[in-house]
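With this note's numbering applied, the sequence shown corresponds to residues 10 to 1102, in that order.
Positions of the beta carbon are idealized from the N, C-alpha and C atoms, including for glycine.
The structure displayed is predicted, hence computed values, not measured ones.
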Amino acid sequence: MTTTACFGIHLGNSTGCIALNKDKIDVIANEAGDFVTPAVLTLLGDGSHVVGLPAKQQRCRNVKASAINALQALNCDVTNEDEFEKVNQQCGSNMFKDEMMLQRQSVLKLNCKSLGKTCPVVMCVPTKITDKARAKLCKAAQAVGFHVLQVITNPASACLAYDILSDPSPCNILVYRMGNFSTEATILRSEDGFLEIKHSIIEENLGGKKFSDLMVEYIAKEFYQKYKLDPNESKKTMAKLFQHAENVKHILSNMQTAHIFVESLMDGVDFSHNISRARYENLFSNILPLYRKPVEKLLEESNFKIGDINKIILCGGGMKIPKLKAEISSMFPNAKLMTGLNEDEVLAIGCVKQASIISKQWNHDLDVMEMDLNFLPTDIVLKQDGNDKEIEVFKAKSLVPSYTKFTLTVTGDKKSVTFDIFEKGTDKLLTQIGRIEVNDVPSDAKEAEFSVKLESNGIMIDFVYSYSSYTRSNYVQSPLLINGAKPPLCAAPPTSCLKSRYRTLDGTCNNLQNPAWGAANMRYNRLLTPKYADGVSAPPVSVTGQDLPNARVVSLVVFGEQDVPDPQFTLANMQWGQIITHDMSMQAGGTQSKKHTTQCCTDDGKLIGKPQAHKTCFPIVVPKNDPAFSQVGTECLNFVRTLTDLDMNCPPLHGHGQAEQLSVVTAFMDLSLVYGNNEDQNRPIRAFRGGRMIVETRNGGDWPPQTPNVTTDCDVESPQEICYLGGDVRFNQNPGLTIFQIMLLREHNRIADTLAKLNPHWDDETIFQESRRINVAQVQHINYYEWLPLFLGTENMLKNRLIYKTHAGSYVNDYDPTVDPSVLNSHATAAFRYFHSQIEGRLDLISEARSRAGSLRLSDWFNRPAILEAGDNYDFLSRGMGTQPEELTDINFDAEIKHFLFRRGRPFGSDLRSLDIQRNRDHGLASYNDFREFCGLRRGHAWEDFLDLISPKDLENLKTLYASPEDVDLTVGGSLEAHVSGALAGPTFLCILTEQFYRTRVGDRFFYERGDKEIAFTRPQLQEIRKASIARIMCDNGNDIHMMQPRAFLRIADNNQLVPCSSIPAIDLSMWQDTAIPAHIGQTYHNLYSFKK
């Protein structure tokens, strides 16, 4: 049994809000990008209409042609136009009932952009709405495609939003909802999963509008005193003033001051004025007692006392006012105030949670492609308590999320129930993916009903035992193949390894003695043991026992934002570094640039308390005086901890129980970001013809295929927008990264097409594998002989045997099977992230003549790759990477990544440097001092001991933040060191980076310079591979790029001038012409091929 996406709707008198539960609960933005839509409809002169914010803006021009107060009009029992006119005053509307119905339909349609043919929905209404009004509301919803499952009351919806029913113990809840025109106060009783409304009061003329009216009165008075013009003389002026007053009211709910600017308020005169929150609160101080009266009346009529109330829920747009929230909550000093949700969105979220419960079966008549849903690739089965009997819960191709339930006999004497969870492949083989154990089974239990919910990142099971009020829920992360990404698992080493010329996709069997080394879904490696606060997994604390300094504060104090262009290196240099790190590492359980399904902060940046937050939450608290985030009231930045071997129930490493983080990609430089990390990721992007990868041809260019899950994989404005499918879930993250991903994809097909012509007897698999092998080899050469020397220094690399002075086609046989190539935690989490300082927040569009034609703001185009196919942007941005300087590698981080990272249309986003610091702590990395000592530097016993590498100014900043030199994070201390001559890092980071790239090379049995006769290139082929360069890659895989400097990681200069692409050395693929008998994959060793000499 499966379930469809479902919706929750709250439509009030002044606003409407819609929530969606697909694989997670989200509030849907309207076409203007707002999560709450004004419930206003205005008729235009041509007979058409507008709704929402445009209607609200038009209303000040034509008040009589606007419909407002839709919900009050619904509750007015009118049957004809004349009757409607009689109740206009009471209902607060100037419109006929047909327009009111049109309004309700339009607001619903405007807010929901994900409609299929029939969308199950739960809606909420005030407690005292009439049955006829409920019917009208259902009719409006049905008119735009919703299937109304239930209409519940506002107070009940508020309780559902905060999961009040999850606690079976008795509880009395006060729900206080204040809208723009009315206030509703209700007491509910929750006990044993039941919710009962005890008493409710609605005050129709007491709402947020009174606060707006006071602001209007204040502005009008100020304007009159200054200009002797009275806005009260013009209805249009007052309507305009009211609109601005509401905006100011909302701003002052989040900030301490607001600026009022009204263009041409009256007689062409502009009005500009500043107002503080304190001044505003003084304006309405006299009316605050009015808002206590509904509660006092409620308590009196219901015979409840103040001490009887256990929890308080405040909701509705009016309840955003801090002073008002404090006024109401102070009436119940011993009650718990529920927080964590946006007051505007509480009711819609409660509705969608109810819809999720009662909508248990998908209607297969729906056109699922319109819904843009995810599908399960394999069957999911359970086994109870080690029994062989399989309990089939989900079939392959089930929609995600899905829901089912079953009943089993459960006896209390067993004390616990254990379910092992398996994927069941088409070959009927079972692969265990998790386990759920439920302890403390009630002694009187006889059977249990198990409700199983499948989500994109896990399985949740609710247990309800018969003859008992006991309820138990548990949750396990499950490695379900959603959106082409294999979630984290401990990779079980294969029992045997086949002898093969080609590396596996998942990295197994590279090392024949240790087949899991470097494989996907394995642990990161470590140079030093972790410093967990509890010795197991808790983030480190200070040597004083206190918390380490706030990551955002460290980011603000220690790291600057100066724009310092690098005098030597291009933006391609920075961007290629991201290609390397994505090829080698990706933390398990993360979404990178996409919004995480686990929310530790609400959508409006409010902190979710620990009781409600997921166990993996480790949010970054924003300081109150933050220069950016405080402007919009952001209290925290979302941060979810990396999944570890303990989360996956892996066997302990070396007998200890400390958590080790998992990486879901291979550790090798094997272009897993192009080809995927397993067969399931590779299959959807391969053409299986001529060895090629799938591309779609548009406007003369080859582009990656469109992902089937557009709204999941990208931050798009419509499901029709371009969003690519590739071998890595980060494919679309930013324009520069996506360009290099596309170039490497095109390069594979360019090679494959040439090999197919040279060797028409080769089959698809042979062409694919040989093309992949060549593509990987040339990238390894670029990495080690063109890119890494700029970062690590040529002399350092030669001294530490990372590179060699080779001749013609000479081999380098340095493979060491005792070296584990797994990525070092300190490398991926700290040292390599130092190069985030090179990121430039402005992306230049550069013509073939190398003139600047414009630029893009980086934060506008995170996860929106469609910009690449607009005009000639692909080439213009490619040339930009080869021309524009990167930012200097220093302690400055561009504002685009320090305040606006992944902002998704919001005023601000996140802070990459804060995230880097928090990730350092999440992974329990040893301190900067520990790593100094490990790398042969003097351990600091006093702050002044760091002066050998850190400037006095930077050291003073550290001293103001950290209690001890022992506390300094590796990410922070390493970033402050003076660079080693010839390198782009200080000695500590250089030590870690050098160690990593040594291991990456000598621990890779398939490294391109090896001379093993079973896997090696011929000497002529190796000589050709050594011609590879980033300039050649960019020339061959642009749309219309004809000029490039030979060393494209370096800026254009006298010794690195632009030259025609035809003059840049290219690999001669004729060296791969096979003159032997036809060869087929599966039979192949090196000696089966007789390549051209």
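Taking V304 as the reference, give the member of V630, Y820 and A194 with the closest Cα.
The shortest Cα separation from V304 among V630, Y820 and A194 belongs to A194.
Pick helix, strand or coil for G17, following the three-state DSSP scheme.
Strand.
Given a cut-off of 8 Å on the beta-carbon distance, is the pair S936 and D963 in contact?
With respect to D963, S936 sits apart: the two C-beta atoms are not nearer than 8 Å.
Taking a contact to mean a Cβ-Cβ separation below 8 Å, would you say L680 touches L753 in this structure?
Yes, the pair counts as a contact, with Cβ atoms nearer than the cut-off.
Return helix, strand or coil for G25, following the three-state DSSP convention.
Shown here, G25 sits in a strand according to DSSP, grouped into three states.
So, using beta-carbon positions, are D773 and G685 closer together than 8 Å?
Cβ atoms of D773 and G685: not closer than 8 Å.
Label Q789 either buried or exposed according to how many other C-beta atoms from any shown protein chain fall within 10 Å of its C-beta, with 16 as the threshold for buried.
Buried, since its Cβ has 16 or more Cβ neighbours within 10 Å.
Residue interval of the alpha helix (DSSP H) (run including P1029)
In this chain, the alpha helix (DSSP H) harbouring P1029 covers R1028 to I1034.
Is W712 helix, strand or coil by DSSP?
W712 falls in the strand class under three-state DSSP.
Using a Cβ distance threshold of 8 Å, determine whether the segment 28–35 contacts the segment 358–367, with at least three qualifying pairs required.
Verdict: yes, contact present.
Looking at the unbroken beta strand (DSSP E) that takes in C168, where does it start and where does it end?
Looking at the DSSP string, C168 is not in any beta strand (DSSP E); the run it does join, the alpha helix (DSSP H), is N163 to A170.
Alpha carbon to alpha carbon, what distance is there between P502 and I430?
Computed Cα separation, rounded: 20 Å.
Three-state class that DSSP yields for T827 in the structure shown:
Assigned with DSSP and collapsed to three states, T827 falls in coil, not helix or strand.
How far does the beta strand (DSSP E) with T195 in it reach, from first residue to last?
Here the beta strand (DSSP E) through T195 covers T192 to E200.
DSSP state of E895, grouped into three classes?
Residue state, collapsed to three classes: strand.
May I ask you to report which of helix, strand or coil DSSP gives S681?
In the structure shown, S681 sits in a helix (DSSP, three-state: H, G or I).
Can D1083 and N768 be called in contact, C-beta distance under 8 Å?
Yes.
Tell me, which residues are paired with K433 by DSSP?
K433 is bridged to D388 and L439.
Every unbroken alpha helix (DSSP H) within the segment 259–295, with a cutoff of 4 residues, ordered by chain
Scanning the segment 259–295 for uninterrupted alpha helix (DSSP H) segments of 4 residues or longer gives 286–293, listed from N- to C-terminal end.
Could you spell out where the beta strand (DSSP E) holding N181 opens and where it closes?
Per DSSP, N181 belongs to the beta strand (DSSP E) from C180 to M187.
Select from V573, P717, I751 and C610 the residue whose C-alpha is nearest the C-alpha of M702.
Relative to the Cα of M702, the nearest Cα in the group V573, P717, I751 and C610 belongs to I751.
Mapping the DSSP letters down to three states, classify D1083 as helix, strand or coil.
Three-state DSSP puts D1083 in a strand.
Give the straight-line distance between the Cα atoms of N214 and G349, rounded to the nearest whole angstrom.
If you draw a straight line from the Cα of N214 to the Cα of G349, it is about 28 Å long.
In chain order, what are the residue ranges of uninterrupted alpha helix (DSSP H) at least 4 long that sit wholly in the segment 958–1012?
Every unbroken stretch of the alpha helix (DSSP H) spanning 4 or more residues and falling wholly within the segment 958–1012 is given here in chain order: 961–970, 979–984 and 996–1011.
Cβ contact check for the segment 266–284 and the segment 655–662: 3 or more pairs under 8 Å
They do not touch, by the three-pair rule.
With three or more beta-carbon pairs closer than 8 Å as the criterion, would you say the segment 831–838 touches the segment 998–1005?
Counting Cβ pairs under 8 Å, three or more are found: they touch.
Three-way DSSP call (helix, strand, coil) for D1021 in this model
In this structure, D1021 counts as coil in the three-state DSSP scheme.
By how many angstroms is the C-alpha of N1048 removed from the C-alpha of R1041?
Taking the straight line from one Cα to the other gives about 13 Å.
Flag this pair as yes or no: are the beta carbons of A1057 and I1039 separated by less than 8 Å?
Yes, Cβ-Cβ distance for A1057 and I1039 is below 8 Å.
State yes or no: is the C-beta of A879 nearer than 7 Å to some heavy atom of the ligand HEM?
With respect to the ligand HEM, the structure shown offers nothing to examine, as it has no ligands at all.
Nearest-angstrom Cα distance between R438 and S199?
It should be noted that the sequence gives Leu, not Arg, for residue 438. Taking the straight line joining both Cα atoms gives about 46 Å.
Candidates S365, F428 and F403, of which the one nearest D394 by Cα:
Comparing alpha carbon positions, the residue from S365, F428 and F403 closest to D394 is F428.
Measuring only the C-alpha atoms, how far is P1029 from D1077?
Their backbone Cα atoms lie some 10 Å apart in a straight line.
Validate contact between the segment 578–594 and the segment 975–992 using beta carbons, cut 8 Å, 3 pairs
Verdict: no, contact absent.
Excluding the 5 residues preceding and the 5 following G168 in the sequence, name in chain order all residues of the same chain whose CB lies nearer than 8 Å to its CB.
A small correction: the amino acid at residue 168 is Cys; Gly does not occupy that position in the sequence shown. Taking C-beta separations shorter than 8 Å and ignoring five residues to either side along the sequence, the partners of C168 in its chain run L174, I182, V184, L197, S199, L204, I322 and G359, following chain order.
Between which two residues does the alpha helix (DSSP H) containing T721 stretch?
V719 to D722 is the span of the alpha helix (DSSP H), which, as asked, contains T721.
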